[in-house]
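Protein chains in written order, with our numbering: chain G, 855 to 1013; chain B, 23 to 221.
Report on one structure; see the data block that follows.
This is the structure:
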């Protein structure tokens, strides 16, 4: 009978169950970890040719260049020879533009791509197009203003 | 009938150390977290395979939303104040001390400078209709903002954050505005996309 603690000694255990507290703490840690690392946006660096530098016109073989014209409704027109353009149509699918570019990479040494965007094309088209350059490994490309003769060419295109 | 007695071990372990560590990490992440600034515009950026991360500091963002409105913003409150001073000097707009203070808290804005005071005077800035910064060849205020922002902070890195459905017409105007100032290197902000495995 003497063993029974009647509480007269006031010995209350000071141990607290910390499991929920730890659970919560780790949940918050995970949340903050994910939000900090994933919130940083990706970027794509673009270098444009210098407009003021007139001397920087590079003479290249016509056969090395491909001109892409981004048009409305995600259409892409492309041709090789600027003087005698054999205009063709493609799209942004894997069997479209990528195939065209991969063909160029395989057949021509260091192909050059000239990107011209029509006013009606979307910003997404431009980014996709630059992205395709990165995917197919074309290192030389330039974003150039569209010319009236290009627009005329599109008018005459059969598609 | 003697039974084998299995000693019952207590499964409760001392979690104090674990708790300490968890809260230490929690404090660290809370302190280092940088919350997204409340932009006046929602921009749905296109995806690319590029995995270059944007740095934290010295960033100028030119945002173009799906209605082709152009927004402008730089980081650093002190730089914003300096930039506003320069632009106000050029356009002869007088800003009060309070308005300059309000402007330095804006992460980005999309208004012609004539309407800027109205925005700075309103309390609920998120609801204020913004029509975009003019960047036509007839009236190009964007070029002044860019020039004076770079004057206030020469280390600024220029980024363009365009919406998927923004038309190239506007994007082209912004790009040529930059090129006219001899800025030929800039970054396009994109989402992440997996690189295709098979070519």
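All residues carry an ideal CB built from backbone N, CA and C; glycine is no exception.
For residue i, which residues in the same chain have their Cβ closer than 6 angstroms to its Cβ, ignoring the five residues on either side in sequence?
i	result
residue 117 (chain B)	110
residue 997 (chain G)	969
residue 177 (chain B)	80
residue 974 (chain G)	926
Give the interface partners of residue i over in chain B, defined as CB-CB distance under 8 angstroms, in chain order.
i	result
residue 962 (chain G)	The premise fails here: residue 962 (chain G) is roughly 16 angstroms from chain B at the closest Cβ pair, so nothing lies under 8 angstroms.
residue 938 (chain G)	Those do not exist, as residue 938 (chain G) stays about 27 angstroms from chain B at its closest Cβ, beyond 8 angstroms.
residue 987 (chain G)	Under the 8 angstroms cutoff, chain B gives no residues; its nearest Cβ is about 10 angstroms from residue 987 (chain G).
residue 901 (chain G)	206 and 207
For a contact defined as C-beta to C-beta under 9 angstroms, what are the partners of residue i on chain G?
i	result
residue 171 (chain B)	Those within 9 angstroms of residue 171 (chain B) in chain G number zero; the least Cβ separation is about 18 angstroms.
residue 212 (chain B)	895, 896, 897, 898, 981 and 985
For residue i and residue j, what's the separation of their Cα atoms in angstroms?
i	j	result
residue 1003 (chain G)	residue 160 (chain B)	25 angstroms
residue 918 (chain G)	residue 50 (chain B)	54 angstroms
residue 877 (chain G)	residue 928 (chain G)	49 angstroms
residue 978 (chain G)	residue 915 (chain G)	30 angstroms
residue 125 (chain B)	residue 66 (chain B)	25 angstroms
residue 932 (chain G)	residue 992 (chain G)	16 angstroms
residue 959 (chain G)	residue 990 (chain G)	8 angstroms
residue 181 (chain B)	residue 170 (chain B)	16 angstroms
residue 64 (chain B)	residue 882 (chain G)	27 angstroms
residue 985 (chain G)	residue 163 (chain B)	31 angstroms
residue 199 (chain B)	residue 976 (chain G)	18 angstroms
residue 144 (chain B)	residue 155 (chain B)	19 angstroms
residue 48 (chain B)	residue 999 (chain G)	51 angstroms
residue 903 (chain G)	residue 152 (chain B)	33 angstroms
residue 866 (chain G)	residue 37 (chain B)	19 angstroms
residue 888 (chain G)	residue 55 (chain B)	10 angstroms
Using C-beta distances below 7 angstroms, list every residue in its chain close to residue i, excluding the 5 sequence neighbours before and after it, in chain order.
i	result
residue 870 (chain G)	none
residue 113 (chain B)	135
residue 187 (chain B)	88
residue 141 (chain B)	131, 133, 147 and 150
residue 122 (chain B)	103 and 106
residue 1008 (chain G)	923, 925 and 931
Using 8 angstroms as the limit for Cβ to Cβ distance, is residue i near chain G?
i	result
residue 97 (chain B)	no
residue 75 (chain B)	yes
residue 129 (chain B)	no
residue 190 (chain B)	yes
residue 55 (chain B)	yes
residue 186 (chain B)	yes
With H, G and I counted as helix, E and B as strand and the rest as coil, what does DSSP make of residue i?
i	result
residue 171 (chain B)	helix
residue 970 (chain G)	strand
residue 899 (chain G)	strand
residue 96 (chain B)	strand
residue 866 (chain G)	coil
residue 210 (chain B)	strand
residue 924 (chain G)	strand
residue 162 (chain B)	strand
residue 129 (chain B)	coil
residue 179 (chain B)	strand
residue 153 (chain B)	coil
Residues of chain G with CB closer than 8 angstroms to the CB of residue i, please, in chain order.
i	result
residue 41 (chain B)	872, 875, 876 and 879
residue 44 (chain B)	876, 879, 880 and 883
Along chain G, in chain order, which residues have C-beta atoms closer than 7 angstroms to that of residue i?
i	result
residue 82 (chain B)	The contacting residues do not exist; residue 82 (chain B) stays about 13 angstroms from chain G at best.
Could you check whether the Cβ of residue i sits closer than 8 angstroms to any Cβ belonging to chain B?
i	result
residue 996 (chain G)	no
residue 932 (chain G)	no
residue 1010 (chain G)	no
Sorted by chain position, which residues of the same chain lie with C-beta nearer than 8 angstroms to residue i's C-beta, five sequence neighbours on each side aside?
i	result
residue 950 (chain G)	930 and 944
residue 86 (chain B)	65, 92, 93, 182, 183, 184, 185, 188, 192, 193 and 196
residue 90 (chain B)	154, 188, 189, 191 and 192
Using a Cβ cut-off of 7 angstroms, pull out every chain B residue sitting near residue i, in sequence order please.
i	result
residue 882 (chain G)	48
So which residues of chain B does residue i contact, with C-beta pairs closer than 9 angstroms?
i	result
residue 865 (chain G)	Residues of chain B passing the Cβ test: none, with the nearest at roughly 18 angstroms.
residue 958 (chain G)	Going along chain B, no residue has its Cβ under 9 angstroms from residue 958 (chain G), so there is no contact; the nearest lies around 13 angstroms.
residue 974 (chain G)	189, 190 and 191
Just to make sure I have the definition right: I need the residues of chain C whose C-beta is within less than 9 angstroms of the C-beta of residue i. Which are they?
i	result
residue 886 (chain G)	In the structure shown, chain C cannot be found, because the protein chains are G and B.
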